[in-house]
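The structure appears below as structure tokens.
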Amino acid sequence: MAKFQAQPAPGAHPGTARSRRPGGAFERMARIHELGNLLIERELAHRGVRGVLPAHGGVLAFLFRQSAPVPIKDIVTFTGRAKSTVTGVVQTLEKCGYLSRVQDGDDLRSWRIQLTPAGRELLPAFQGTSQRLVETVLRGLTESEQALLIDLLARIEGNLAHETEPTSPA
């Protein structure tokens, strides 16, 4: 199966008037997301990490901060993803040997998730990859431009979050 190779969006070349049109913002964000994921995949491969995808980052980031096994609902809350999505990520990382499940002592029907020693060994590669991504994204931006970028992205995120919040029954 051929690997997806991100291509420039039509009219999205830097510096062109067409790339600055208001409707092009979402295309630009999607392209940045694709390129960021590609950089993450390459960095992880360069660091010898196998089986981990950018979509796994939130689950791993949360588990790196834990000192004891956690219920899957805590991972769902942290990542903001659907339980079915998190369950799929957990299953994939478990098959790779990075996570394990342990029975919850209080409820034998429930499981808690923890990193295995192999999962803990991913931390330096994860940190190095994250650092490389941040450095690459912010390269050439002044501190004030970085602050403005973060503020604008937060506003966009807020706009989308507001529009996608569950509505209360009338």
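In my numbering, the protein residues as written are 15 to 184. Quick reminder that beta carbons are idealized off the backbone N, C-alpha and C, glycines included.
Query	Result
Helix, strand or coil: how does DSSP classify residue 126 here?	strand
My guess is that residue 78 and residue 140 are in contact by the Cβ rule of under 8 angstroms, so how many angstroms apart are they, rounded?	7 angstroms
I'd like to confirm the pairing. Which residues does DSSP put opposite residue 104 in its beta bridges?	None, per the DSSP bridge assignment.
Run through the segment 111-168 for me and flag every whole alpha helix (DSSP H) of 4 or more residues, listed as ranges in chain order.	131-134, 137-152
Output needed for residue 100: all residues of its chain with C-beta closer than 8 angstroms, excluding positions within five of it in sequence on either side, in chain order.	73, 86, 89, 90, 93
Report yes if the C-beta distance between residue 53 and residue 66 is below 7 angstroms; otherwise report no.	no
How many Å lie between residue 7 and residue 158 at the Cα?	The requested residue 7 is not part of the displayed model; the chain covers only 15 to 184.
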